[in-house]
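Per the UniProt record's numbering, residue 1 is the first one in the sequence shown, and the count goes up by one each step. Backbone N, C-alpha and C fix where the C-beta goes; we use that ideal spot for every residue, glycine too. All figures in this text were calculated on a predicted structure; none of them were measured in a lab. Before any comments, here is the structure.
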Amino acid sequence: MYTIRSLDLHFQKEANTIASFLVSDQNHHVLVETGPESTWPQLVHQLQRHHLRPEDIDAVLLTHIHFDHAGAAWKLAEAGARIYVHPLGLPHLANPEKLWQSAARIYGKDNMQALWGSMEPIESTNLIASSDMEAVLLGKMTFVPVHTPGHAIHHVAWKLDDNLFTGDVAGVKIHSGPVVPPCPPPDIDLEDWKDSIAKIRALEPDRLYLTHYGTVSDISNHFQELERAMDEWAAWMKIRFDDGTAPEVITKDFMAYTEKQLIDQGVGKHLRECYELANPSWMSVSGLLRYWKLKQSRK
Numbered sequence: 001m002y003t004i005r006s007l008d009l010h011f012q013k014e015a016n017t018i019a020s021f022l023v024s025d026q027n028h029h030v031l032v033e034t035g036p037e038s039t040w041p042q043l044v045h046q047l048q049r050h051h052l053r054p055e056d057i058d059a060v061l062l063t064h065i066h067f068d069h070a071g072a073a074w075k076l077a078e079a080g081a082r083i084y085v086h087p088l089g090l091p092h093l094a095n096p097e098k099l100w101q102s103a104a105r106i107y108g109k110d111n112m113q114a115l116w117g118s119m120e121p122i123e124s125t126n127l128i129a130s131s132d133m134e135a136v137l138l139g140k141m142t143f144v145p146v147h148t149p150g151h152a153i154h155h156v157a158w159k160l161d162d163n164l165f166t167g168d169v170a171g172v173k174i175h176s177g178p179v180v181p182p183c184p185p186p187d188i189d190l191e192d193w194k195d196s197i198a199k200i201r202a203l204e205p206d207r208l209y210l211t212h213y214g215t216v217s218d219i220s221n222h223f224q225e226l227e228r229a230m231d232e233w234a235a236w237m238k239i240r241f242d243d244g245t246a247p248e249v250i251t252k253d254f255m256a257y258t259e260k261q262l263i264d265q266g267v268g269k270h271l272r273e274c275y276e277l278a279n280p281s282w283m284s285v286s287g288l289l290r291y292w293k294l295k296q297s298r299k
């Protein structure tokens, strides 16, 4: 038997925005996701609540290498954990310089430390590439990596029996709020994403564990809502893309558009702020504009 515990990392001192999942049997402890290095003290605190230290973690399973999911992986590697990651993500953990520079262009160099902390290289001996559907035995627990591109080309969902740790492929859903699609640059591909959702449906999991944020059991309705939101956001963005509307205008209008969607579904001010922290509107603008630009260039 094993237990699954959600660890709230209190990103930017806010609850229910980024989770790490502690999965333990009698002798082995596995973390799914690490959060950013900026939340490392909170991760250590959460482990201490379960009478564990970073050195007690045997393995880390990453859904992808974005900082909010994998930024503290190097700290766990230094403590001795093996880091399992998509083959396309592995080189960026071994040498994160390009990843860091790319993020600095998006977030602004001066904001990186406050948001994400730092990121150091991980020794190759601690990095393990996870091939699609090839089971990983950790203690008595069998995890299956499910390659799920769409949000990112290096995205993996991790299956453990009837449980699925979904990273961002199942969207963002906080408390009783709606599910929304995080659409950051540079890899966002809605067709691949929908194929990944179909792949997950075929696995018939009973529970989804969302990094942003928590557990979902009504899986059919959850994915229907997510795909509907993907289509709505993409269509809204295409109109502005075709019109040549300035990105700064689109961003302002999109923030108003998504806020109204949340208000119309009864989401209060504080929870709306959590959604924006977990899934910034401006980032989805950037990702979806790039998506439409790439589609246009392929015609």
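request  = Inspect the beta-carbon positions of Val-136 and Pro-145 and report whether they are closer than 9 Å.
outcome  = In contact: Val-136 and Pro-145 (Cβ atoms closer than 9 Å).
request  = Run the CB neighbour count on Val-249, radius 10 Å, all protein chains shown included, and call it buried at 16 or more, exposed below.
outcome  = Classification of Val-249: exposed, given that the 10 Å Cβ count is below 16.
request  = Note down the Cα distance separating Asn-27 from Met-1, rounded to an integer number of angstroms.
outcome  = Cα-Cα distance, rounded: 11 Å.
key: Where Asn-163 falls: helix, strand or coil (DSSP)   = Strand, per DSSP.
query = Helix, strand or coil: how does DSSP classify Ile-57 here?
reply = In the structure shown, Ile-57 sits in coil (DSSP, three-state: anything other than H, G, I, E or B).
query = With a cut-off of 8 Å, do at least 3 Cβ pairs link the segment 42–58 to the segment 151–166?
reply = Short answer: they don't touch.
Cβ shell of Leu-127 (< 7 Å), same chain only, five flanking positions each side left out = Within the same chain, and ignoring the five residues on either side of Leu-127 in sequence, the residues whose Cβ sits closer than 7 Å to its Cβ are Ile-83, Val-85, Leu-90, Leu-93, Ala-94.
message = Does the structure place the segment 108–123 close enough to the segment 158–168 that three or more beta carbon pairs sit under 8 Å?
response = Verdict: no, contact absent.
query = Do you know offhand how far His-29's Cα is from Phe-241's?
reply = Across the structure, His-29 and Phe-241 are spaced so that their CA atoms are roughly 47 Å apart.
task = Note down, in chain order, each residue of its chain lying with its Cβ closer than 7 Å to the Cβ of Trp-100, except the 5 sequence neighbours on either side.
result = Once the five neighbours on either side are set aside, the close Cβ partners of Trp-100 are Met-119.
query = Just the Cα atoms here: how many angstroms apart are Tyr-213 and Val-32?
reply = Roughly 13 Å separates the two Cα atoms.
message = Under 8 Å: do the segment 211–226 and the segment 13–20 share three or more Cβ pairs, one atom per stretch?
response = The answer is yes - the segment 13–20 touches the segment 211–226, with three or more Cβ pairs under 8 Å.
request  = Count the other CB atoms, across all protein chains shown, that sit within 10 Å of the CB of Ile-200; report buried if there are 16 or more and exposed otherwise.
outcome  = Ile-200 is classed as buried because its beta carbon has at least 16 other beta carbons within 10 Å across all chains shown.
query = Residues in its own chain within less than 6 Å of Gln-42 by CB, not counting five upstream and five downstream?
reply = Leu-9, His-10.
request  = With distances taken Cα to Cα, identify the nearest neighbour of Thr-125 among Ala-81, Pro-96, Glu-37.
outcome  = Closest option to Thr-125, judged by alpha-carbon separation, among Ala-81, Pro-96, Glu-37: Ala-81.
inquiry  = Under DSSP, the beta strand (DSSP E) around Arg-5 begins and ends at which residues?
reply    = Going by DSSP, Arg-5 is part of the beta strand (DSSP E) stretching over 3–8.
key: Cβ pair Pro-178, Val-267 closer than 9 Å   = In this structure, the beta-carbon distance from Pro-178 to Val-267 falls below 9 Å.
inquiry  = Taking 9 Å as the threshold (beta carbon to beta carbon), is Tyr-2 in contact with chain C?
reply    = In the displayed structure, chain C is absent; only one protein chain is listed.
message = Report the start-end ranges of each beta strand (DSSP E) in the segment 112–139 that is 3 residues or longer and not cut off at the edges.
response = Runs of beta strand (DSSP E) with 3 or more residues, each lying fully within the segment 112–139, are found at 127–129, 136–138, listed in chain order.
inquiry  = Comparing C-alpha positions only, which one of Leu-88, Asp-189, Ala-77 sits nearest to Met-230?
reply    = The option with the nearest alpha carbon to Met-230 is Asp-189.
message = Leu-22 and Thr-39 - do their beta-carbons sit closer together than 9 Å?
response = Not a contact, by the Cβ cut-off of 9 Å.
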